[in-house]
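In the working numbering, the protein residues as written are 1300 to 1443.
Cβ atoms here follow ideal geometry from the backbone N, Cα and C, with glycine treated the same way.
As structure tokens, the structure follows; a few thoughts come after it.
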Amino acid sequence: MTVRLRPHHLLCLLTYVGKGYTPGFVANYDRIAERLSSGEDVLVVDGPDDICAALLCEPEPHCFRDSVRVRDAQAAADIGDLLEMRLSAGARIDLHPALLARMRKTFANGVTRKACRGCEWFNLCSGIASGGYGGVRVRGVAPI
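This is the structure:
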């Protein structure tokens, strides 16, 4: 199987430790983290993805906001530079351990953080990254 992710969620998954918007959101994200940890690949999509699915029943899900699309564009540019490819809908990514380690290193160093500006989770994610990624749920590498 394949996990469908919008570009900015490729950054979010690096620091996911089981916190989220609602209990349903966390339960869904936990399932996705386990799938990614077991080796499922990623299909990059435009708009709401498998992580967003738990929020789409809300009256006005933030997944459709312009600010989220801007985050996706910024994340696609940064991650695309890191991967030396154009990151757009339809791209497939194998989040193997070496790639996760590289992504976490550039995230911790601020190289791939443009999309995170203004995000309500910025401080939480920054603390997780600066603390060596302890407790992250998407595994594949030992915390750095």
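Secondary structure of L1304 (DSSP, three-state): strand.
Cα atoms of T1411 and I1427: separation of roughly 15 angstroms, rounded to the nearest angstrom. Under the DSSP assignment, D1371 falls outside any beta strand (DSSP E), being part of the alpha helix (DSSP H) whose first and last residues are D1365 to L1382.
Cα atoms of F1363 and I1350: separation of roughly 13 angstroms, rounded to the nearest angstrom.
Taking the CA atoms as reference points, R1385 sits about 12 angstroms from P1306. By the neighbour-count criterion, in which a residue is buried when 16 or more other Cβ atoms sit within 10 angstroms of its Cβ, G1431 is exposed.
Taking C-beta atoms as the reference points, A1332 and R1436 count as a pair closer than 8 angstroms.
Taking 8 angstroms as the cut-off, the Cβ atoms of A1352 and T1321 do not count as close. The C-beta distance from R1334 to M1300 rounds to 7 angstroms, short enough to fall under 8 angstroms. Of the candidates A1414, G1379, L1398 and C1356, A1414 places its Cα closest to the Cα of D1371.
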